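Engineer:
Numbering (the working numbering), first residue to last: 885 to 1500.
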């Protein structure tokens, strides 16, 4: 952008050429009033230049918003795995159940007063939970207690070993439980190098109770893909369902569930002879004190006992995302039919709209002229002359203008003028810091536009109830394993049991212009399909962004994890990680990026060879 001095210099040179002056006479030949006029003109031209640049940026950003898919450029909530125990057996959790924890964020403006932020999580499917608890695990020559959920506490260790590939789970059933419906397990392999091998052989494992095989399936104990006819007809604008599906697909291979119910009878509490022979009284004492069902998992014998050391099994564990449901009641006028959905957090999706007469409104995707009576839609821009973003830009412009004006008044002098100017400067500095602390330029809130059903008989007491989801974006990342949460507005769960068993990852706020350009470049080049090595490279650059400095794609080979194959061909993706201090992320976040990239590649790629990720 041209500065005021450069513009003034060019005007002077052009004037000198027109009037016949040489360059050496520029500074002395003009009248001082002419120099002042030229300086004022240069100042205004500089402001026009700045406005042109800002307009160009806004136009490009708006075009990218239209042309880029929202799922690639929009807000994505953080995800994690939550453990919780219901009060009732075979309880179905609701999508509207909310769990809250607190996160302390460093306050750069006042280090002694850190910011405490409420972070909310909610489930992605109505899972079936059980009142039973997974309290014991045995493998090799060791018996462990899992009563602390995320820790293995040793109970016994013998000199002899059970047969290879054998693992036992002890599930405690409280009194009054008569059936375990579609019991679901979550498996977490903490050693990254063993993940591929373990999950490959987990698909070949067999489950037994009292030597009777129990059929099971990979995935969740409720259907992931469900066709909601009501949503298809009445709610064709729904982003959060896409997020649910994406998160569920990402975690589904780490879950499995029994396809038949376990009927609780006295026979199921029998202690297996293999455990009695190995651990003796250590295991019989457990069943004397509690009702424990022992489930045997028999892996192929190639799975050694050391592999189980880094494996954790959980029941009552479910995928969750960072979301919070807000409800707002408001009336609308006869001529203005929009309601601003203001929140300190980031807007995610619209859930439902009802009015005080009991009508439920159909939520439609915004399009000019398609809003019928009884419909509602969501609009992010263009509702009023100034949205939050434009207002913040005007305030920033006013701050800069007042700075210039206060500087110009110093030529007058005088104690009163000096004091007034100092007060103006202090107020400007306070306003500027307050804007930064409140993150006023962060994002603009959307508007719900409603066409009422009963406009003819509407009165002043009528109101609308709007429910919508918000999220925290990147602020919800890095919530550690073992973080306890509180169930909000519910007594359906044991509050002490609600905790995260995976670090939260994947949350991001809306992309900046550069990120949207990268996303659009990928969409334009690949058209949603990965075919060539160049497509893979473009996909990786957009996925990892600043966390890598280079990508190389080449053909390779590896030893297959199955026992009936040898070497197999692969497509090797070699990443050079960015280790600069400003670009480093946590190891857990990096591992999530790698896992998520392989998951997305498998979904959109047409290559028949498996991908292998290598880090320089």
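Ideal placement from N, C-alpha and C gives every residue a C-beta, glycine not left out.
It should be emphasised that the depicted structure is a prediction, and the values quoted were computed from it without experimental measurement.
Among residues of its own chain, excluding the 5 on either side of residue 1267, which ones have a beta-carbon nearer than 7 Å to its beta-carbon?
Structural biologist: Any reading at residue 1267 must be qualified, since the residue scores a pLDDT of 47, below 50, and its modelled position is unreliable; the value itself is stated next. Contacts found: 1222 and 1331.
Engineer: Just to confirm my understanding: we take residue 1213, look at its own chain, exclude 5 residues before and 5 after, and list those with CB closer than 6 Å. What are they?
Structural biologist: Within the same chain, residue 1213 has close Cβ partners 1347 and 1349.
Engineer: Just the Cα atoms here: how many angstroms apart are residue 986 and residue 1002?
Structural biologist: When rounded, the distance between both Cα atoms is 5 Å.
Engineer: What residue range does the alpha helix (DSSP H) around residue 1162 cover?
Structural biologist: It spans 1157-1163 - the alpha helix (DSSP H) in which residue 1162 sits, taken as one unbroken run.
Engineer: On the three-state DSSP scale, how would you describe residue 1054?
Structural biologist: Strand at residue 1054.
Engineer: Apart from the five residues on each side of it in sequence, which residues of its chain come closer than 6 Å, Cβ to Cβ, to residue 1048?
Structural biologist: So the list reads 1185, once near-sequence residues are dropped.
Engineer: What does residue 964 pair with, by DSSP beta-bridge criteria?
Structural biologist: Residue 964 is bridged to 1204.
Engineer: Could you compute how far the alpha carbon of residue 1242 sits from the alpha carbon of residue 1258?
Structural biologist: Each residue's alpha carbon lies about 12 Å from the other.
Engineer: So residue 849 and residue 1130 are in contact, right, with Cβ under 8 Å, and what is the actual spacing, rounded?
Structural biologist: For residue 849 there is no data in the structure shown, the boundaries of the chain being 885 and 1500.
Engineer: Sorted by chain position, which residues of the same chain lie with C-beta nearer than 7 Å to residue 980's C-beta, five sequence neighbours on each side aside?
Structural biologist: For residue 980, where only same-chain residues beyond five positions count, the Cβ hits under 7 Å are 1209.
Engineer: Under the criterion of a Cβ to heavy atom distance below 6 Å, does residue 1216 qualify as lining the ligand SAH?
Structural biologist: Among the components modelled here there is no ligand, and therefore nothing to report on the ligand SAH.
Engineer: Can you tell me which residues form a DSSP beta bridge with residue 1454?
Structural biologist: Its beta-bridge partners are 1440.
Engineer: Within a Cβ cutoff of 8 Å, which residues of the same chain sit near residue 1097, ignoring the five residues on either side of it in sequence?
Structural biologist: So the qualifying residues of the chain are 1090 and 1091.
Engineer: Determine the direct distance from the alpha carbon of residue 1012 to that of residue 1194, and round the result to whole angstroms.
Structural biologist: Residue 1194 and residue 1012: Cα-Cα distance of roughly 27 Å.
Engineer: Would residue 1021 pass as a contact of residue 1385 if the rule is Cβ separation under 7 Å?
Structural biologist: Cβ distance not < 7 Å, so residue 1021 and residue 1385 don't count as in contact.
Engineer: Taking Cβ positions, are residue 1178 and residue 1024 nearer each other than 7 Å?
Structural biologist: Cβ distance not < 7 Å, so residue 1178 and residue 1024 don't count as in contact.
Engineer: Alpha carbon to alpha carbon, how far is residue 1272 from residue 1227?
Structural biologist: Residue placement at residue 1272 is poorly supported in this model, since its pLDDT is 39, which falls under 50; the coordinates still yield a value, given next. About 12 Å.
Engineer: For residue 1246, write down the residues that DSSP places opposite it in a beta bridge.
Structural biologist: The partner list for residue 1246 (beta bridge, DSSP) reads 1259.
Engineer: Round the Cβ separation of residue 1352 and residue 1497 to the nearest angstrom and send it over; I've been treating them as touching at under 8 Å.
Structural biologist: Not quite, the Cβ-Cβ distance comes to about 38 Å (not below 8 Å), so this is no contact.
Engineer: From the DSSP secondary-structure annotation, give me the bridge partner or partners of residue 1355.
Structural biologist: Its beta-bridge partners are 1230.
Engineer: Between the C-alpha atoms of residue 1038 and residue 1149, what's the straight-line distance to the nearest angstrom?
Structural biologist: Looking at the two C-alpha atoms, the distance is approximately 29 Å.
Engineer: Have a look at residue 1335 and residue 1123 and give me their C-alpha separation to the nearest angstrom.
Structural biologist: For residue 1335 and residue 1123, the distance between alpha carbons rounds to 22 Å.
Engineer: So for residue 1384, helix, strand or coil by DSSP?
Structural biologist: The answer is strand: DSSP assigns residue 1384 an E or B state.
Engineer: Count Cβ pairs between the region 1352-1365 and the region 1386-1393 that sit closer than 8 Å; are there 3 or more?
Structural biologist: Verdict: yes, contact present.
Engineer: In the DSSP assignment, find the unbroken beta strand (DSSP E) run with residue 1017 in it and report its ends.
Structural biologist: Here the beta strand (DSSP E) through residue 1017 covers 1017-1023.
Engineer: Please state if the CB of residue 1360 and the CB of residue 1206 are separated by a distance shorter than 7 Å.
Structural biologist: Against a cut-off of 7 Å, the Cβ pair of residue 1360 and residue 1206 comes out as a contact.
Engineer: Return the chain-ordered list of same chain residues with a C-beta closer than 6 Å to the C-beta of residue 1135, the five sequence neighbours on each side being excluded.
Structural biologist: So the list reads 1203, once near-sequence residues are dropped.
Engineer: Can you check whether the CB of residue 1382 is closer than 7 Å to the CB of residue 975?
Structural biologist: No, they are not a contact pair.
Engineer: Could you spell out where the alpha helix (DSSP H) holding residue 1131 opens and where it closes?
Structural biologist: From DSSP, the alpha helix (DSSP H) with residue 1131 extends over 1124-1135.
Engineer: If residue 1200 and residue 1014 are in contact, beta carbons under 8 Å, what's the gap, nearest whole angstrom?
Structural biologist: With a Cβ gap of about 6 Å, residue 1200 and residue 1014 count as contacting.
Engineer: Among residues of its own chain, excluding the 5 on either side of residue 1211, which ones have a beta-carbon nearer than 6 Å to its beta-carbon?
Structural biologist: Closer than 6 Å at the Cβ level, and outside the excluded window around residue 1211, lie 1351.
Engineer: Quick one: measure Cβ to Cβ for residue 1333 and residue 1261, integer angstroms, because I've assumed they're closer than 8 Å.
Structural biologist: Sure, about 5 Å apart at Cβ, within 8 Å.
Engineer: For residue 995 versus residue 988, is the C-beta spacing smaller than 7 Å?
Structural biologist: No. Outside cutoff.
Engineer: Where does residue 1517 fall in DSSP's three states?
Structural biologist: In this structure the chain extends from 885 to 1500, so residue 1517 is not present and cannot be described.
Engineer: Measuring CA to CA, which of 1484, 1428 and 1141 is closest to residue 1473?
Structural biologist: The shortest C-alpha separation from residue 1473 is found at 1428.
Engineer: Between which residues of its own chain and residue 1413 is the CB-CB distance below 7 Å, once the five residues before and five after are set aside?
Structural biologist: Cβ neighbours of residue 1413 beyond the five flanking positions: 1488 and 1490.
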